[in-house]
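For the sequence shown, the numbering used here begins at 120 and goes up steadily by one.
For every residue, glycine included, the Cβ atom is placed at its ideal position computed from N, Cα and C.
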Amino acid sequence: MQAVLVIAHRQPEQIIALAKELVPTFKVFIHLDTKMTVTSSQLEELDKLGVYYFSKIDVRWGGWSIGQVAVELFKVALKDPSITYLHLISGQDWPTKKPAEIARFFENSSKIYLSYFQANKVSKTGEKVIWWAKYYYPYDKLNRRTTFGKIYHRLNIMAQMILRVNKLKKLGYAEDQIYSGANWVDLPRDVAEFVIKDFDSNKRLRQLLSTSAFADEFWLPTVLCNIPKYYQRIDQNIHRYIILEKRHGSRPAILDETDLRPIQAGDYFWARKVVFGISDKLVKGLEN
Numbered sequence: 120m121q122a123v124l125v126i127a128h129r130q131p132e133q134i135i136a137l138a139k140e141l142v143p144t145f146k147v148f149i150h151l152d153t154k155m156t157v158t159s160s161q162l163e164e165l166d167k168l169g170v171y172y173f174s175k176i177d178v179r180w181g182g183w184s185i186g187q188v189a190v191e192l193f194k195v196a197l198k199d200p201s202i203t204y205l206h207l208i209s210g211q212d213w214p215t216k217k218p219a220e221i222a223r224f225f226e227n228s229s230k231i232y233l234s235y236f237q238a239n240k241v242s243k244t245g246e247k248v249i250w251w252a253k254y255y256y257p258y259d260k261l262n263r264r265t266t267f268g269k270i271y272h273r274l275n276i277m278a279q280m281i282l283r284v285n286k287l288k289k290l291g292y293a294e295d296q297i298y299s300g301a302n303w304v305d306l307p308r309d310v311a312e313f314v315i316k317d318f319d320s321n322k323r324l325r326q327l328l329s330t331s332a333f334a335d336e337f338w339l340p341t342v343l344c345n346i347p348k349y350y351q352r353i354d355q356n357i358h359r360y361i362i363l364e365k366r367h368g369s370r371p372a373i374l375d376e377t378d379l380r381p382i383q384a385g386d387y388f389w390a391r392k393v394v395f396g397i398s399d400k401l402v403k404g405l406e407n
């Protein structure tokens, strides 16, 4: 049996619709952001579907909190001994193929589907990605998306550069050991068990992640790319259709019916971001 782990933060009706698509092919585990408003009738619908859901963490953009949600989801799913493979998606993902077809592809697979790059070799939005791990950030408490948060972010980096702060050196990491990549992954059970055991026992790793920016994207790439027996199992084709440009007021783009043909022509299992009210024609096209 395979599990789909869903990090949800809005639109409970869309989450219910997603669960209906996935059940019973997959066992579904959902974390509902504590900021979400979910009615008792909506929870009853999830109960009827046999979905395991919980609400534990207030997810803050740019902080480690979204990574901690992934940790909690892995832990819950791994309590079920029947789970052999785990897929981590967002509540704004949508399957691009029939769930049974997706499950068949991963059945008996030992591959790790994970995107990665060395953080010291890539820049984003004018900043070296390695800076997000090298310096200290409080984004589980401070709202990075506000005007103040954006100004603070730039000044914070400048100040730490001037003061020659190097958290990586303090924790015993070399820059070339730090990898980043998409948070969305597909893992065999043995790998999921390893990364959770490592997380719980590795205080240095937890210190790195809890004080970094966008730390959820550092966690699994940094752990798995530094261990040869896991690194050789990684396939960077994560089978996800994501447009990294701004559309419908969002980056990554909110997908619409213009994405249907590219999705159908490509090697994808999940499409993101899907937002009901904007992506309805796309969803209908995928279901047909």
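Rounded to whole angstroms, the gap between the alpha carbons of Tyr387 and Lys289 is 41 Å.
Using a Cβ distance threshold of 8 Å, Leu327 and Phe318 do not count as a contacting pair. Under the three-state reduction of DSSP, Val402 is assigned to helix.
Beyond the five residues adjoining it in sequence on each side, Ile382 comes within less than 6 Å, by CB distance, of Thr215, Tyr360 and Ala390 in the same chain, given in chain order. Fewer than three Cβ pairs drawn from the stretch 233-241 and the stretch 147-159 lie within less than 8 Å of each other, which leaves the two stretches out of contact. Along the length of the stretch 172-254, whole beta strand (DSSP E) runs at least 3 residues long occupy 204-209 and 212-214, reported in chain order.
Around the beta-carbon of Leu274, fewer than 16 other beta-carbon atoms lie within 10 Å, marking it exposed. As DSSP reads the structure, Lys146 sits in a beta bridge with Ala122. Of the candidates Tyr350, Phe337, Lys167 and Asp152, the residue whose Cα lies closest to the Cα of Pro143 is Lys167. Under the DSSP assignment, Leu306 falls in the beta strand (DSSP E) whose first and last residues are Asp305 to Pro307.
Here the alpha carbons of Asn407 and Ser329 stand approximately 43 Å from one another. Contact check for Gly181 against Tyr235 fails: the beta carbons are separated by 8 Å or more. For Pro340, the CB contacts under 7 Å within the same chain, skipping 5 residues up- and downstream, are Leu233, Tyr235, Tyr298, Ser299 and Gly300 in chain order.
In this structure, Val125 lies near Ile149, with their beta-carbon atoms less than 8 Å apart. Lys253 counts as buried, since no fewer than 16 other beta carbons sit within 10 angstroms of its beta carbon.
Within the stretch 286-320, the complete alpha helix (DSSP H) segments of 4 residues or longer fall at 286-290 and 308-320, listed in chain order. With a cutoff of 8 Å on beta-carbon distance, Asn302 and Ile185 are scored as near each other. With distances taken between CA atoms, Asp212 lies nearest to Pro371 out of Thr377, Arg223, Pro371 and Lys365.
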